[in-house]
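A.B. asks:
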């Protein structure tokens, strides 16, 4: 029996993101997926937003595992495998982020899914949004696609992973979810951006 | 005034008019005008009143360098009219004049205030009689400053934000040198940002006949990928970080190489009446003509030390202005005095020795006292300047490796493009991009000869201003030296010269020259004042940026809001303080059941073969011998044996421990553990799951029944005893349930994934509804824990508190085989327990019902303070006031009477050394 099984969000109840209330208030259509109440869509402008300005999506439902033996994972660059990003954080520690099924691939991990909330910020103005609250150098020459950067986001500890040229995954403490949503909405909103559902993210990724 | 015919390179769109008001009167402008150019074209000559003497001030530089045209726009003060573009409907108002710009009552200080307003006058003139100082202070504060903020807070607020920008190369200054430097670096492959103060890049070339080239280079720069920031002032240099202020945005530019192409600043001449409207710098005159199609006057006198003045004279003539005299210092003549009441009406010219004096009627005096390289930012970035005797100014002498300079600031004003090309290429090459440029060729300095202006001309004829911002005259510098302020840094602080909005652009060099004249030292010996940010005046709001206040909230927080909780800060968390009636909430815990959100507790997973040993080294008690499924209280001590934090530790299996900490100590404990782990290199892994797990404490006589309905666990006391920890499904979610109590009743602390916070909270309240369960907040929890005399670290302890003093000697296991943090100090502390001078934490009760303030003093018989109250509350359950206090150890006996001094009150209290409620823990363990 895993002594830490109580960390895994595998209950019968509905798992909720710390940003659920704000997503609903912003007009999200919610759907139950893998036990989580997920904001899947907002409005008809999501695709346009992602192509021309910026959108952000709550992806806190992604599984997140901490492993203690990172093996040969490259520092600063994430590896994509088994539907997840494998990100080395320190010499002795790595994060695995992605499909819940990845739990089957990892031994001896601590499930930190609910410890970290996550937002995907995507679109041509994504870097500009980060520039409003984050001092990390996210230029392609410093943070290429797959680049993984632990650092401060909006004055709190976090991680930024560049999933694609204009698509970033930001992880932060889940208790700060409401705060980070407010910060991102303020920054992205001032640049003409808005929230998007996870379905729009997937559609745009498929288009690309 | 009619405009000149369209000028080549002008900024105006003559087909579009823009209307605004100045002091309520309508003004017609052209699109492309600045406020100042539009007002000047409309005949306005006085733009502001000076800081101290309230003298009339007119346009001087037309480049945002001087303080003369500061106005308020739509209520926001401190806007430079000469660089602020006009907008339809904007309301422009003058500053610093009452009741009007034309009739300013405070102008009386110019006429009669001289003897009363020397440097530091507010500390000299206005100190006697002393009882009137409050009146003086009010008066001085009322007349000081440049403009007033709008009264209403919401009218003073505007959206500002930071924008972090990393770059390979930052070029500061968008003149020809800066533009070419940016292009060269960008073409070599560098990521380049260029920041320029002007509304368009081009610098002096825009009004000096080089507008086509400047605009072409700006296009080339953009095409090469340079991010060009206009109307963007670089404010300082902080170890490579250069804040650039642009409207509502503060760009925090961090570049690997800095290229300063900040140009030079044309210097005024110091002579009698040199601040009179109608006295302008040659650059200002040229900008009015070339960019805005305005003839600055009809009859002009030009006084210069270089070719700049002569070039301005040519531009004036081309604009149809009669140039009636030119005084070129290189030929021994200069301007001694400007005459006029509201505006220049004549100039007195002559030699420096007063010979060949001549009065010339005119309405414009164009002056040029040479140019000083704008080295402030370079100096802030680590550059060093030295006095250039030939040029009469301070020039760059040395640059750090990652800083370059180009153009006039580098002394290359004669060939700015070549200078910029080289600087840009060098910056890129230093980053491994492009080719290294060849060494510079040609003569080192091809600039035309210039004369060094005198410190002052025409002294004795009237006020000769060295510092226009602060109204500091040549005589003031003389007085300050006489009074012993004989270094430039002291003089700056005493006279406030260079401390105004121009930040020394116009006055640093004149002040140094005057200091040299007064002290007999040479300028090199006097040196410059330390260059400090901000280089340009900037609103504080722009520096503040967006207010980011990282607030942690538990996943149950939405429920607290719905229940009407009073939410307050607790460390970096927002917590439910109470739900309206803290005493009733506390009572419910004793009578039926209560539920509190304790998700804020720090939670660490410590695992690995050496996990037990690791904890034994950190804590003064033992954990390696803790059985799986059991819990033990722990107090974390520093290496000085002082209490740092406390919490419980549950052993989950042989190699896994679950450690809780205080809410506010979670971060520090995690760092403490990590720090020692890195040092000891043990086979232990540490994971902070504080935010990943929600936690609630279900407590009260009905808690067991409620718990039994939420889980399959056998919750009987025999199976699930006090200090047991069990994993179970609670309300359908995986959880770790700890049988512990902080509030004195049977309790279960339930830890579960935060994503289920609201659902589990709802389920417990719903299940407990039949048992009169009630949510309780932080305040009732504090009452309940005080009844049990449980300490709150940081509240009842301070940085001197040891477990011995805090009535917990039992937790220190000095007989442990292993060394542990703080052991040596605690061994010594153990020897002093109860000794003279030692303090002990005790409980107390007050029979008369007064609740002392936390922090109130405990007094000895003779009234001297001997201790301090740390906590005090009224307990409805106990029907009395209870508290905790530090008292001398010899008084730590049940029944000892103590006196508490609380402001004017004297309260009699009685010491108690055991918990007020359930002292033997029978309820807790039942």
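Protein chains in written order, with our numbering: chain A, 2 to 209; chain B, 7 to 932. For glycine and all other residues, C-beta sits at the position ideal for the given N, C-alpha and C. Source: prediction; values computed, not measured.
Shorter than 8 Å from the beta carbon of residue 738 of chain B to some beta carbon of chain A?
C.D. replies: Counted from its first residue, the second chain places residue 738 of chain B at position 732. By this cut-off, residue 738 of chain B is an interface position.
A.B. asks: Could you check whether the Cβ of residue 592 of chain B sits closer than 8 Å to any Cβ belonging to chain A?
C.D. replies: As a first step, residue 592 of chain B is located in the second chain; it is residue number 586 there, counting from the start. No, no contact with chain A.
A.B. asks: Using the beta-carbon count (16 or more within 10 Å), is residue 26 of chain A buried or exposed?
C.D. replies: Taking the first chain and counting its residues from 1, one reaches residue 26 of chain A at position 25. Exposed: under 16 other Cβ atoms inside 10 Å.
A.B. asks: Which of helix, strand or coil does DSSP assign to residue 827 of chain B?
C.D. replies: Mapped onto the second chain, residue 827 of chain B falls at position 821. Three-state result, residue 827 of chain B: coil.
A.B. asks: Can you tell me which of the three DSSP states residue 536 of chain B falls into?
C.D. replies: To locate residue 536 of chain B, count along the second chain from 1; it is residue 530. Three-state result, residue 536 of chain B: coil.
A.B. asks: By DSSP's criteria, residue 390 of chain B is part of a beta bridge. Which residues make up the other side?
C.D. replies: Indexing the second chain from 1 puts residue 390 of chain B at position 384. Residue 390 of chain B is bridged to B:404.
A.B. asks: Output needed in chain order: residues of the stretch 10-33 of chain A with a Cβ under 8 Å from some Cβ in chain B.
C.D. replies: Residues passing the 8 Å Cβ filter: 10, 11, 12, 13, 14, 15, 16, 17, 18, 19, 22.
A.B. asks: Please list the residues of the stretch 158-190 of chain B that have a C-beta atom closer than 7 Å to any C-beta atom in chain A, keeping them in chain order.
C.D. replies: The residues in question are 167, 168, 169, 170, 171, 172.
A.B. asks: What did DSSP end up calling residue 25 of chain A once you bin it into helix, strand or coil?
C.D. replies: Along the first chain, one-based indexing puts residue 25 of chain A at 24. Three-state DSSP puts residue 25 of chain A in a helix.
A.B. asks: How long is the line joining the alpha carbons of residue 811 of chain B and residue 918 of chain B, rounded to whole angstroms?
C.D. replies: Position 805 of the second chain, counted from the first residue, corresponds to residue 811 of chain B. Position 912 of the second chain, counted from the first residue, corresponds to residue 918 of chain B. For residue 811 of chain B and residue 918 of chain B, the distance between alpha carbons rounds to 15 Å.
A.B. asks: Can you find a CB in chain A that lies within less than 8 Å of the CB of residue 561 of chain B?
C.D. replies: For the purposes of this step, residue 561 of chain B is taken as the residue at position 555 of the second chain. True, the Cβ-Cβ gap to chain A drops below 8 Å.
A.B. asks: For chain A, find out if any of its Cβ atoms is closer than 8 Å to the Cβ of residue 611 of chain B; answer yes or no.
C.D. replies: For the purposes of this step, residue 611 of chain B is identified with residue 605 of the second chain, where counting begins at 1. Interface residue, yes.
A.B. asks: Tell me the residue span of the alpha helix (DSSP H) that contains residue 425 of chain B.
C.D. replies: Start at 1 with the first residue of the second chain, and residue 425 of chain B comes out as number 419. Per DSSP, residue 425 of chain B belongs to the alpha helix (DSSP H) from 422-436.
A.B. asks: What separation, rounded to the nearest whole angstrom, lies between the Cα atoms of residue 740 of chain B and residue 112 of chain A?
C.D. replies: Against the second chain, residue 740 of chain B aligns to sequence position 734. Against the first chain, residue 112 of chain A aligns to sequence position 111. So the alpha carbons of these two residues sit roughly 13 Å apart.
A.B. asks: Based on Cα-Cα distance, which residue from B:731, B:671, B:300 lies nearest to residue 635 of chain B?
C.D. replies: Here residue 635 of chain B refers to the residue found at position 629 of the second chain. Of the listed residues, the one whose Cα sits closest to residue 635 of chain B is B:731.
A.B. asks: With 8 Å as the C-beta to C-beta threshold (strictly closer), list the residues of the stretch 666-688 of chain B near chain A in chain order.
C.D. replies: Listed by position along the chain: nothing, the set is empty.
A.B. asks: Please list, in chain order, the chain A residues whose beta carbon lies closer than 7 Å to that of residue 408 of chain B.
C.D. replies: On the second chain, residue 408 of chain B is found 402 positions in, with the first residue counted as 1. Result: empty, since nearest Cβ-Cβ is about 16 Å, beyond 7 Å.
A.B. asks: How is the alpha helix (DSSP H) around residue 872 of chain B delimited, first residue to last?
C.D. replies: One-based indexing of the second chain puts residue 872 of chain B at position 866. Where residue 872 of chain B is concerned, there is no enclosing alpha helix (DSSP H), although the beta strand (DSSP E) it sits in stretches over 871-881.
A.B. asks: Nearest to residue 22 of chain A by CA position, among B:554, B:563, B:454, is which residue?
C.D. replies: Position 21 of the first chain holds residue 22 of chain A. It is B:563.
A.B. asks: Over the uninterrupted beta strand (DSSP E) stretch that includes residue 340 of chain B, give me the two end residues.
C.D. replies: Taking the second chain and counting its residues from 1, the one referred to as residue 340 of chain B is at position 334. Taken as a continuous stretch (DSSP letters only), the beta strand (DSSP E) holding residue 340 of chain B covers 339-345.
A.B. asks: Check whether the stretch 604-614 of chain B touches the stretch 767-778 of chain B, taking contact to mean three or more Cβ pairs, one atom from each stretch, closer than 8 Å.
C.D. replies: Not touching, per the Cβ criterion.
A.B. asks: Any residues in the stretch 146-168 of chain A with a beta carbon nearer than 8 Å to a beta carbon of chain B? Which ones, in chain order?
C.D. replies: Correct list: 155, 156, 157.
A.B. asks: Whose C-beta lies closer than 7 Å to the C-beta of residue 473 of chain B among residues of the same chain, with five residues either side of it excluded?
C.D. replies: The count along the second chain starts at 1 and reaches residue 473 of chain B at position 467. The answer, listed in chain order, is 503, 504, 506, 513, 517.
A.B. asks: Report all residues from its chain with a CB closer than 8 Å to the CB of residue 11 of chain A; omit the five preceding and five following residues, and keep chain order.
C.D. replies: To locate residue 11 of chain A, count along the first chain from 1; it is residue 10. Taken in chain order, the residues that qualify are 36.
A.B. asks: Could you tell me if residue 834 of chain B is buried or exposed, where buried requires 16 or more neighbouring beta carbons within 10 angstroms of its beta carbon?
C.D. replies: Position 828 of the second chain holds residue 834 of chain B. Classification of residue 834 of chain B: exposed, given that the 10 Å Cβ count is below 16.
A.B. asks: Mark residue 148 of chain B as exposed unless 16 or more other C-beta atoms lie within 10 angstroms of its C-beta, in which case mark it buried.
C.D. replies: Counting from 1 along the second chain, the entry for residue 148 of chain B is found at position 142. Residue 148 of chain B is exposed by the Cβ-count criterion.
A.B. asks: Taking 8 Å as the threshold (beta carbon to beta carbon), is residue 116 of chain A in contact with chain B?
C.D. replies: Within the first chain, the letter at position 115 stands for residue 116 of chain A. Judged by the 8 Å Cβ criterion, residue 116 of chain A is in contact with chain B.
A.B. asks: Tell whether a beta-carbon distance below 8 Å holds between residue 348 of chain B and residue 62 of chain B.
C.D. replies: The residue labelled residue 348 of chain B in the question sits at position 342 within the second chain. The residue labelled residue 62 of chain B in the question sits at position 56 within the second chain. Closer than 8 Å, so yes.
A.B. asks: Using three-state DSSP, classify residue 512 of chain B as helix, strand or coil.
C.D. replies: Translated into the one-based positions of the second chain, residue 512 of chain B becomes position 506. DSSP places residue 512 of chain B in coil when its eight states are reduced to three.
A.B. asks: Should residue 179 of chain A be flagged as near chain B, meaning a C-beta pair shorter than 8 Å?
C.D. replies: For the purposes of this step, residue 179 of chain A is identified with residue 178 of the first chain, where counting begins at 1. Yes, contact with chain B.
A.B. asks: Measure the C-alpha to C-alpha separation of residue 302 of chain B and residue 216 of chain B and round it to an integer number of angstroms.
C.D. replies: On the second chain, position 296 is the one that residue 302 of chain B refers to. On the second chain, position 210 is the one that residue 216 of chain B refers to. Cα to Cα, the separation comes out at about 21 Å.
A.B. asks: Taking only beta-carbon atoms, is residue 742 of chain B less than 8 Å away from chain A?
C.D. replies: Residue 742 of chain B sits at position 736 when you count from the first residue of the second chain. It does: the Cβ of residue 742 of chain B has a partner Cβ on chain A nearer than 8 Å.
A.B. asks: Please report how far the alpha carbon of residue 136 of chain B lies from the alpha carbon of residue 128 of chain B, in whole angstroms.
C.D. replies: Numbered from its first residue, the second chain carries residue 136 of chain B at position 130. Numbered from its first residue, the second chain carries residue 128 of chain B at position 122. Computed Cα separation, rounded: 13 Å.
A.B. asks: If distances are taken between C-alpha atoms only, which option among A:18, A:131, A:60 comes closest to residue 561 of chain B?
C.D. replies: Looking up residue 561 of chain B in the second chain gives position 555. The candidate whose alpha carbon is nearest that of residue 561 of chain B is A:18.
A.B. asks: Any C-beta of chain B within less than 9 Å: which residues of the stretch 78-102 of chain A qualify?
C.D. replies: Taking 9 Å as the Cβ-Cβ cut-off against chain B, the residues of the stretch 78-102 of chain A that qualify are 93, 94.
A.B. asks: Are the C-beta atoms of residue 8 of chain A and some chain B residue less than 8 Å apart?
C.D. replies: As a position in the first chain, residue 8 of chain A is number 7, starting the count at 1. Yes, residue 8 of chain A counts as interfacial toward chain B.
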